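*Asks:* Protein chains in written order, with our numbering: chain A, 8 to 219; chain B, 28 to 244. Where a beta carbon is used, it is the ideal one built from N, C-alpha and C, also for glycine. Treat the numbers as computed from the prediction; the structure is a model and nothing was measured.
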Amino acid sequence: MITILSDHWQELLTGLGWTLLSSVLALIFSLIIGSLFAIMEVTESKVARTIARIYIEIFRNIPLLVITSFFYLVIPMYIVKVNGFTAGTIGLTIYTSAFIAETVRSGIQSVDPGQMEGARANGLTFWQAMSNVILPQAFLLVIPPLGNQFVNLVKNSSVLAFVAGFDLMYQANNIASITFDTINSYMVVGVLYLIITMPISYYMRYLEKRLA
Amino acid sequence: MKSFIDAYSWINLRYLLEGLWITVEVSVASVILSFILGSFLGIIRYTKIKYVSAIVGFIIDLIRNLPLLLIIFFTYFGLPNFGFKPEIIPATILAMTIFESTMLAEIIRSGIQAVPNGQMEGARANGLTYWQAMFQIILPQAYKKMIPALVSQFISLIKDTSLATIIVLPDLTYHAQIIYGQNANYIIPMFLALAVMYFIVCYGLSVLANYIDRRLA
Chain A
8 MITILSDHWQ ELLTGLGWTL LSSVLALIFS LIIGSLFAIM EVTESKVART IARIYIEIFR
68 NIPLLVITSF FYLVIPMYIV KVNGFTAGTI GLTIYTSAFI AETVRSGIQS VDPGQMEGAR
128 ANGLTFWQAM SNVILPQAFL LVIPPLGNQF VNLVKNSSVL AFVAGFDLMY QANNIASITF
188 DTINSYMVVG VLYLIITMPI SYYMRYLEKR LA
Chain B
28 MKSFIDAYSW INLRYLLEGL WITVEVSVAS VILSFILGSF LGIIRYTKIK YVSAIVGFII
88 DLIRNLPLLL IIFFTYFGLP NFGFKPEIIP ATILAMTIFE STMLAEIIRS GIQAVPNGQM
148 EGARANGLTY WQAMFQIILP QAYKKMIPAL VSQFISLIKD TSLATIIVLP DLTYHAQIIY
208 GQNANYIIPM FLALAVMYFI VCYGLSVLAN YIDRRLA
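1. In terms of residues, what are the limits of the alpha helix (DSSP H) holding M194 of chain A?
2. If we ignore side chains and look at the alpha-carbon of each, how far apart do G41 of chain A and M84 of chain A end up?
3. How far does the alpha helix (DSSP H) with N181 of chain A in it extend, from its first residue to its last?
4. Examine chain B for any beta-carbon lying closer than 7 Å to the beta-carbon of F187 of chain A, and answer yes or no.
5. Which word fits S52 of chain A, buried or exposed, when buried means at least 16 other C-beta atoms lie within 10 angstroms of its C-beta?
6. Under 8 Å Cβ-Cβ, which residues of chain B neighbour M205 of chain A?
7. Suppose the cutoff is 8 Å on Cβ atoms and the five residues either side in sequence are ignored; what does the same chain contact list for E215 of chain A look like?
8. Does M8 of chain A pass the burial test, meaning 16 or more other C-beta atoms within 10 Å, or should it be called exposed?
9. In three-state DSSP terms, what is K261 of chain B?
10. Is the segment 93-101 of chain B touching the segment 190-201 of chain A, taking contact as three or more C-beta pairs under 8 Å?
11. Let me check understanding here. Comparing Cα to Cα, which of A:D14, A:I86, A:S29 lies closest to L175 of chain A?
12. Tell me whether T220 of chain A sits in a helix, a strand or coil according to DSSP, three-state version.
13. Can you tell me whether DSSP reads G145 of chain B as helix, strand or coil?
14. Cβ closer than 8 Å: which chain B residues qualify as neighbours of L19 of chain A?
15. Can you have a look at A81 of chain B and say buried or exposed, based on whether 16 or more other CB atoms are within 10 angstroms of its CB?
16. Report all residues from its chain with a CB closer than 8 Å to the CB of L12 of chain A; omit the five preceding and five following residues, and keep chain order.
17. Between A105 of chain A and I63 of chain A, how many whole angstroms is the CB-CB distance? I'm expecting something under 8 Å.
18. Given a limit of 9 Å on CB to CB distance, which residues of the segment 37-65 of chain A reach chain B?
19. Would you mind working out which of A:G114, A:I86, A:N90, A:D188 sits nearest E48 of chain A, comparing C-alpha positions?
20. Can you give me the Cβ contacts of A141 of chain B inside the same chain, cut-off strictly under 8 Å, excluding the 5 residues immediately before and after it?
21. Could you check whether I90 of chain B and L196 of chain B sit closer than 7 Å to each other, using their CB atoms as the reference points?
22. Do V158 of chain A and S208 of chain A have their C-beta atoms closer together than 7 Å?
23. Under 8 Å by Cβ, that's how I've got L218 of chain A and N163 of chain A pegged, so tell me the actual separation to the nearest angstrom.
24. Kindly say whether F77 of chain A, judged by its beta-carbon, lies nearer than 7 Å to any beta-carbon of chain B.
25. If you draw a straight line from the C-alpha of F133 of chain A to the C-alpha of F36 of chain A, how long is it?
26. Considering only C-alpha positions, which residue in the set A:V161, A:I190, A:A59 is nearest to F44 of chain A?
27. Going by C-alpha to C-alpha distance, which of B:I76, B:G105, B:V51, B:Y78 sits closest to D188 of chain A?
28. Pop quiz: Y225 of chain B and N68 of chain A are said to be a contact at Cβ under 8 Å. What is the actual Cβ separation, rounded to whole angstroms?
29. Any beta carbon of chain B sitting closer than 7 Å to that of G125 of chain A?
30. Quick one: using the 10 Å Cβ neighbour count with 16 as the cut-off for buried, is A220 of chain B buried or exposed?
31. Tell me whether I86 of chain B sits in a helix, a strand or coil according to DSSP, three-state version.
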């Protein structure tokens, strides 16, 4: 393990960087998209609710790998040339946004309906009430599940290896094929993944206990 | 349009369905094995046996926080170094079982915790041993409550089997790749077919689970 670390620390560090970058970008965008669909699901408009439902159910029930390789193969054919990292991050964003939409919706629904009624009665529009009153409370409630989603994102970002996304997993395969030391290469990368994911998931468990 | 019709020729469709069958086989085997192992691990973690539970808990957390892809690689390319070389399908089932059983262990542990304490106390007061009470009183109630969480974990297991294409598991995704690898015009039709097939299996399962959940509630 030590030799792998000392010989290949540059590749490992780049891999870690790309993994983190892709996870953080995907988190930000999927929070935005997911919240939009979550709000659509709690509006009174039947059309909006149906659209949101369809989006969420479709992308929750298709493997991430299929979504990612779709973007990797199809966008360059018709729209614009993208590299594996971009295609992978788009795929991750869309896949995760469906899960985040479900999480945020449950957060919005667990805010007391009196909050919305009170806000509307005080003259706020639906969107003002949503963004100033409901969402801040909803997000506070769903911090632990969102944190777990981020852990999943970091783990799922390993599909970037399928589309040459330069991430940790991709570097692990490279190092393993150069050194023929599969066990140690994967162990080093495993430890790097754990360094990111373990603290977050323990902290989220602590938060869950405190909120409960 | 013509490429769409060509792409869905009988030979291609049959090839996709053969892939789907492998996906289903691997998923069912992994669901059964990981459910058994996961229940066992979840109970150990809940029961708080001195040292054992803490160690098992830590190992569960380690595996849960690793990417499944890494575990698949490790089982298929790493284990042969220890003198154990599984074939592709057993290796996939092994990797899926290791990973999913830790996910299930957490679900099962929290399911057991959600059963009111009085149930255990009442069962013990009626003369049942701890394990009798666990298996006959607590677990049946816990499983009933866990159905939605268990099923969504099973759905993600089915989706995750697609990752094993990297070790050339001949599943649905891999067969689609072979087909569109021969003709670039088939890329979009094949992705559409993939999406539809996975969707039917996964969404169908969640509809079934909702139905069962409502019947039991």
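*Replies:* The short version:
1. The residue labelled residue 194 of chain A in the question sits at position 187 within the first sequence. Segment 189-218, the alpha helix (DSSP H) holding M194 of chain A.
2. Indexing the first sequence from 1 puts residue 41 of chain A at position 34. Indexing the first sequence from 1 puts residue 84 of chain A at position 77. Cα-Cα distance, rounded: 27 Å.
3. The sequence position of residue 181 of chain A within the first sequence is 174, counting from 1. Element bounds for N181 of chain A: 175-186.
4. Position 180 of the first sequence, counted from the first residue, corresponds to residue 187 of chain A. Taking Cβ atoms only, chain B never reaches closer than 7 Å to F187 of chain A, which makes this a no.
5. Walking along the first sequence from the start, residue 52 of chain A turns up at place 45. Exposed is the call here.
6. Locating residue 205 of chain A in the first sequence gives position 198, where the first residue counts as 1. Correct list: D88, L89, N92.
7. The count along the first sequence starts at 1 and reaches residue 215 of chain A at position 208. Only P151 meet the Cβ criterion.
8. Your numbering for residue 8 of chain A matches position 1 in the first sequence. By the neighbour-count rule (16 or more Cβ atoms within 10 Å), M8 of chain A is not buried but exposed.
9. What is shown of chain B runs 28 to 244, which leaves residue 261 of chain B out entirely.
10. yes
11. Along the first sequence, read from residue 1 onward, the residue named residue 175 of chain A stands at position 168. The candidate whose alpha carbon is nearest that of L175 of chain A is A:S29.
12. Missing from the structure shown is residue 220 of chain A; chain A here goes from 8 to 219 and no further.
13. Here residue 145 of chain B refers to the residue found at position 118 when the second sequence is read from its first residue. Helix, per DSSP.
14. Walking along the first sequence from the start, residue 19 of chain A turns up at place 12. Within chain B, no residue comes near L19 of chain A; the closest Cβ sits about 14 Å away, beyond 8 Å.
15. Walking along the second sequence from the start, residue 81 of chain B turns up at place 54. A81 of chain B comes out exposed.
16. Residue 12 of chain A sits at position 5 when you count from the first residue of the first sequence. These residues qualify, in order along the chain: L19, V195.
17. Position 98 of the first sequence holds residue 105 of chain A. Position 56 of the first sequence holds residue 63 of chain A. Yes, A105 of chain A and I63 of chain A are in contact; Cβ-Cβ is about 5 Å, under 8 Å.
18. E64, I65
19. Walking along the first sequence from the start, residue 48 of chain A turns up at place 41. With distances taken between Cα atoms, E48 of chain A lies closest to A:G114.
20. For the purposes of this step, residue 141 of chain B is taken as residue 114 along the second sequence, with counting starting at 1. The residues are A169, K172.
21. As a working note, residue 196 of chain B is residue 169 in the second sequence. As a working note, residue 90 of chain B is residue 63 in the second sequence. No, the Cβ-Cβ distance between L196 of chain B and I90 of chain B is not below 7 Å.
22. Within the first sequence, residue 158 of chain A is the residue found at index 151, counting from 1. Within the first sequence, residue 208 of chain A is the residue found at index 201, counting from 1. For V158 of chain A and S208 of chain A, yes; Cβs fall inside 7 Å.
23. For the purposes of this step, residue 218 of chain A is identified with residue 211 of the first sequence, where counting begins at 1. For the purposes of this step, residue 163 of chain A is identified with residue 156 of the first sequence, where counting begins at 1. Between N163 of chain A and L218 of chain A the Cβ distance is about 25 Å, and since that is not below 8 Å, they are no contact.
24. For this step, residue 77 of chain A is matched to residue 70 along the first sequence. F77 of chain A counts as touching chain B.
25. Here the question's residue 133 of chain A lines up with position 126 in the first sequence. Here the question's residue 36 of chain A lines up with position 29 in the first sequence. Approximately 23 Å between the Cα atoms of the pair.
26. Here residue 44 of chain A refers to the residue found at position 37 when the first sequence is read from its first residue. The candidate whose alpha carbon is nearest that of F44 of chain A is A:A59.
27. Numbered from its first residue, the first sequence carries residue 188 of chain A at position 181. If we check each option's Cα against that of D188 of chain A, B:G105 comes out closest.
28. Reading the second sequence from its first residue, position 198 is the one you call residue 225 of chain B. Reading the first sequence from its first residue, position 61 is the one you call residue 68 of chain A. About 6 Å; that satisfies the 8 Å criterion.
29. Taking the first residue of the first sequence as position 1, residue 125 of chain A is located at position 118. Chain B contact via Cβ: absent.
30. Taking the first residue of the second sequence as position 1, residue 220 of chain B is located at position 193. A220 of chain B comes out buried.
31. Counted from its first residue, the second sequence places residue 86 of chain B at position 59. Reduced to three states, the DSSP call for I86 of chain B is helix.
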